[in-house]
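Trainee: Structure in structure tokens, see below.
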Amino acid sequence: MPQSTVTIATSGAGLYEFTDRASTFVRQSGAETGLLTLFVRHTSCSLIIQENADPDVRRDLEAFFRRLVPDADDPDMSFLVHRTEGPDDMPAHIKAALTAVSLSIPVTAGRLALGTWQGIYLFEHRTRPHRREIVLHLITGE
Amino acid sequence: MPQSTVTIATSGAGLYEFTDRASTFVRQSGAETGLLTLFVRHTSCSLIIQENADPDVRRDLEAFFRRLVPDADDPDMSFLVHRTEGPDDMPAHIKAALTAVSLSIPVTAGRLALGTWQGIYLFEHRTRPHRREIVLHLITGE
Amino acid sequence: MPQSTVTIATSGAGLYEFTDRASTFVRQSGAETGLLTLFVRHTSCSLIIQENADPDVRRDLEAFFRRLVPDADDPDMSFLVHRTEGPDDMPAHIKAALTAVSLSIPVTAGRLALGTWQGIYLFEHRTRPHRREIVLHLITGE
Numbered sequence: 001m002p003q004s005t006v007t008i009a010t011s012g013a014g015l016y017e018f019t020d021r022a023s024t025f026v027r028q029s030g031a032e033t034g035l036l037t038l039f040v041r042h043t044s045c046s047l048i049i050q051e052n053a054d055p056d057v058r059r060d061l062e063a064f065f066r067r068l069v070p071d072a073d074d075p076d077m078s079f080l081v082h083r084t085e086g087p088d089d090m091p092a093h094i095k096a097a098l099t100a101v102s103l104s105i106p107v108t109a110g111r112l113a114l115g116t117w118q119g120i121y122l123f124e125h126r127t128r129p130h131r132r133e134i135v136l137h138l139i140t141g142e
Numbered sequence: 001m002p003q004s005t006v007t008i009a010t011s012g013a014g015l016y017e018f019t020d021r022a023s024t025f026v027r028q029s030g031a032e033t034g035l036l037t038l039f040v041r042h043t044s045c046s047l048i049i050q051e052n053a054d055p056d057v058r059r060d061l062e063a064f065f066r067r068l069v070p071d072a073d074d075p076d077m078s079f080l081v082h083r084t085e086g087p088d089d090m091p092a093h094i095k096a097a098l099t100a101v102s103l104s105i106p107v108t109a110g111r112l113a114l115g116t117w118q119g120i121y122l123f124e125h126r127t128r129p130h131r132r133e134i135v136l137h138l139i140t141g142e
Numbered sequence: 001m002p003q004s005t006v007t008i009a010t011s012g013a014g015l016y017e018f019t020d021r022a023s024t025f026v027r028q029s030g031a032e033t034g035l036l037t038l039f040v041r042h043t044s045c046s047l048i049i050q051e052n053a054d055p056d057v058r059r060d061l062e063a064f065f066r067r068l069v070p071d072a073d074d075p076d077m078s079f080l081v082h083r084t085e086g087p088d089d090m091p092a093h094i095k096a097a098l099t100a101v102s103l104s105i106p107v108t109a110g111r112l113a114l115g116t117w118q119g120i121y122l123f124e125h126r127t128r129p130h131r132r133e134i135v136l137h138l139i140t141g142e
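Okay, here's the thing in structure tokens:
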């Protein structure tokens with residue numbers, strides 16, 4: 001069982017945690033030592049590992065990215081040419097470029113080697129609902 | 001055939017697609033299931049997966065990064081100390097830090113698990129021509 | 001010996017090189033061909049591969065990130081809500097999101113396939129001393 005796909009239905013920009021689903025995939029594989037790679041099959045959302053304790057961390061992260069890359073109808077973004085898919089589309093591509101499309105996490109003693117406060121998130125950058133796919137690939141042993 | 005090197009001759013800043021070369025490497029390996037890792041051996045260019053449909057997306061991405069990290073002769077960048085290699089050099093290192101030096105893409109049913117619109121690009125940040133090397137490493141099976 | 005942990009004691013924000021420790025791990029494994037993955041178990045520091053020749057490159061990188069993401073007591077950052085852990089904490093999470101939590105480097109002919117000027121660094125974003133852990137995972141052969 002080296003591969004699986006996680007599907008997440010998003011309802012607007014924000015961070016969607018799926019640490020549990022990744023952990024379950026690893027546990028069900030029975031692997032003691034290995035490497036889990038996550039890959040998101042889209043260019044207007046991305047992957048991020050961040051603190052899963054205080055929800056204000058996620059709120060502030062989203063606020064920072066909205067300020068760094070405002071929607072296309074903001075005067076600061078008047079240089080954008082690609083506008084046919086809505087004012088949030090090209091900024092979504094830029095935010096995806098600034099974060100991660102793939103992540104790799106070691107498996108140690110049968111569990112993801114995440115730190116105490118690390119959660120795995122899909123970072124949705126689009127406003128409208130989307131169905132997002134993340135491929136999980138597990139390499140077991142050395 | 002687990003490794004190969006893709007060499008790209010760049011002629012100025014911009015995105016250079018090499019999805020075909022990565023796909024051919026995977027196909028020729030005969031692998032049905034696996035993981036392809038890409039690693040760029042430089043610090044003033046980087047890797048990016050982005051939309052390969054509308055070329056305006058690439059143009060806007062480049063424009064955003066030029067505005068976020070202007071050349072060293074821009075007054076906003078007067079704090080830069082490392083200037084001996086030209087006004088585009090230190091900004092190139094910064095843009096590389098903001099994007100990716102390595103990417104990992106699962107292989108499913110003999111093909112890269114890229115989404116419909118995902119293309120693989122070298123993101124060149126230097127103005128003068130360069131010869132860039134990307135190492136491809138393929139892990140087959142589980 | 002597929003896994004190991006590198007621990008780095010940091011004393012303030014900045015780049016801490018550990019290329020030697022990663023190279024030694026690979027050499028001691030005896031692997032000729034493989035893939036080394038690095039994963040940092042924290043959300044307020046990150047990983048970065050950058051030029052290890054001129055130290056001004058690291059200084060300029062740090063200066064850029066401090067300007068892009070100032071501490072929470074800067075008026076530009078008044079939108080931040082998460083402030084209980086100090087003015088450098090939420091900016092540290094943001095800088096971590098803009099750089100890398102995991103990196104993968106191929107091993108060729110018994111050595112990391114790093115370019116001539118590439119060094120591997122922990123990018124500490126917090127001001128106070130921290131003890132940081134990076135998990136190394138080595139996959140050997142194809």
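Protein chains in written order, with the numbering used here: chain A, 1 to 142; chain B, 1 to 142; chain C, 1 to 142.
Where is the CB? At the ideal position from N, CA and C, for every residue including glycine.
Just so it is clear, the structure is predicted and the values come from calculations on it, not from any experiment.
Under the DSSP definition of a beta bridge, which residues are partnered with Ala9(C)?
Mentor: DSSP, once it has assigned bridges, lists Arg131(C) as partnering Ala9(C).
Trainee: Would the region 7-14 of chain B and the region 128-140 of chain B be scored as touching if the rule is three or more Cβ pairs under 8 Å?
Mentor: Contact between the region 7-14 of chain B and the region 128-140 of chain B is present, because at least three Cβ pairs lie under 8 Å.
Trainee: Assuming contact is defined by CB atoms lying nearer than 8 Å, are Cys45(C) and Leu136(C) in contact in what I supplied?
Mentor: No, they are not a contact pair.
Trainee: Cβ closer than 7 Å: which chain C residues qualify as neighbours of Ala113(A)?
Mentor: The contacting residues are Phe39, Arg41 and Val135.
Trainee: Give the C-beta separation of His42(A) and Asp54(B) to the nearest angstrom, bearing in mind that I take them to be a contact with Cβ-Cβ under 8 Å.
Mentor: Contact doesn't hold; Cβ gap of about 15 Å is too wide.
Trainee: Taking DSSP as the reference, what is the three-state secondary structure of Phe64(A)?
Mentor: Residue state, collapsed to three classes: helix.
Trainee: Taking 8 Å as the CB-CB cut-off, is Ala13(B) touching chain A?
Mentor: Chain A contact via Cβ: absent.
Trainee: Check this for me: beta carbons of Ser102(A) and Ser29(B), under 8 Å apart or not?
Mentor: Taking 8 Å as the Cβ cut-off, Ser102(A) and Ser29(B) do not qualify as a contacting pair.
Trainee: Checking the sheet assignment: what are the DSSP bridge partners for Gly119(B)?
Mentor: Looking at the DSSP assignment, Gly119(B) forms a beta bridge with Gln50(B).
Trainee: Against Asp48(A), what residues of chain C qualify as contacts under a CB-to-CB distance less than 7 Å, listed in chain order?
Mentor: Correcting the residue identity first, residue 48(A) is Ile in this sequence and not Asp. Neighbours of Ile48(A) on chain C, chain order: Ala97.
Trainee: Within its chain, find whatever has a CB closer than 6 Å to the CB of Met4(A); leave out the 5 residues flanking it on each side and keep chain order.
Mentor: At residue 4(A) the sequence reads Ser, which differs from the Met that was named. Contacts found: Phe25 and Leu136.
Trainee: So with CB distances below 7 Å, who are the chain E contacts of Val101(C)?
Mentor: Annotation note: the requested chain E is absent from the structure, which comprises protein chains A, B and C.
Trainee: For Lys143(A), tell me which candidate among Glu124(A), Ser78(A), Ile134(A) and Leu35(A) has the shortest Cα-Cα distance.
Mentor: Since the first residue of chain A shown is 1 and the last is 142, residue 143(A) is not available in this structure.
Trainee: Have a look at Ala63(C), Leu138(C) and Phe79(C) and flag the residue whose alpha-carbon is nearest the alpha-carbon of His93(B).
Mentor: Nearest C-alpha to His93(B): Ala63(C).
Trainee: Since Leu47(B) and Val57(B) should fall inside the 8 Å C-beta cutoff, what is the C-beta to C-beta distance between them, to a whole number of angstroms?
Mentor: The Cβ separation is near 16 Å, so there is no contact.
Trainee: Contact criterion: CB-CB distance below 8 Å. Does Gln3(C) meet it with respect to chain B?
Mentor: Not an interface residue.
Trainee: Provide the residue(s) that pair with Arg111(B) in DSSP beta bridges, ordered along the chain.
Mentor: DSSP lists Thr108(B) as partners of Arg111(B).
Trainee: Determine the direct distance from the alpha carbon of Arg27(B) to that of Pro2(B), and round the result to whole angstroms.
Mentor: Between Pro2(B) and Arg27(B), the C-alpha separation is close to 12 Å.
Trainee: Helix, strand or coil: how does DSSP classify His93(A) here?
Mentor: DSSP places His93(A) in helix when its eight states are reduced to three.
Trainee: From Met77(A) to Val69(A), what distance separates their C-alpha atoms?
Mentor: Distance between the alpha carbons of Met77(A) and Val69(A) is about 8 Å.
Trainee: Between the Cα of Gln50(A) and those of Phe18(A), Gly110(A), Ala97(A) and Val107(A), spot the shortest distance and give me the residue it belongs to.
Mentor: Gln50(A) has its Cα closest to that of Phe18(A), out of Phe18(A), Gly110(A), Ala97(A) and Val107(A).
Trainee: For Ser23(B), which residues in the same chain have their Cβ closer than 8 Å to its Cβ, ignoring the five residues on either side in sequence?
Mentor: Cβ within range, chain order: Arg111 and Leu112.
Trainee: Which of the three DSSP states is assigned to Thr37(B) in this structure?
Mentor: In this structure, Thr37(B) counts as strand in the three-state DSSP scheme.
Trainee: Where Ala109(A) and Ala13(C) are concerned, what is the direct C-alpha to C-alpha distance, given to the nearest angstrom?
Mentor: Near 32 Å, if we compare the C-alpha coordinates of Ala13(C) and Ala109(A).
Trainee: What would DSSP say about Ala31(B), mapped onto helix, strand or coil?
Mentor: In this structure, Ala31(B) counts as coil in the three-state DSSP scheme.
Trainee: Starting from Glu17(B) and walking both ways along the beta strand (DSSP E), at which residues does that stretch end?
Mentor: Residues Gly14 to Glu17.
Trainee: Cβ of Ala97(A) within 8 Å of Cβ of Leu15(B)?
Mentor: Their beta carbons are not under 8 Å apart, which means Ala97(A) does not touch Leu15(B) by this criterion.
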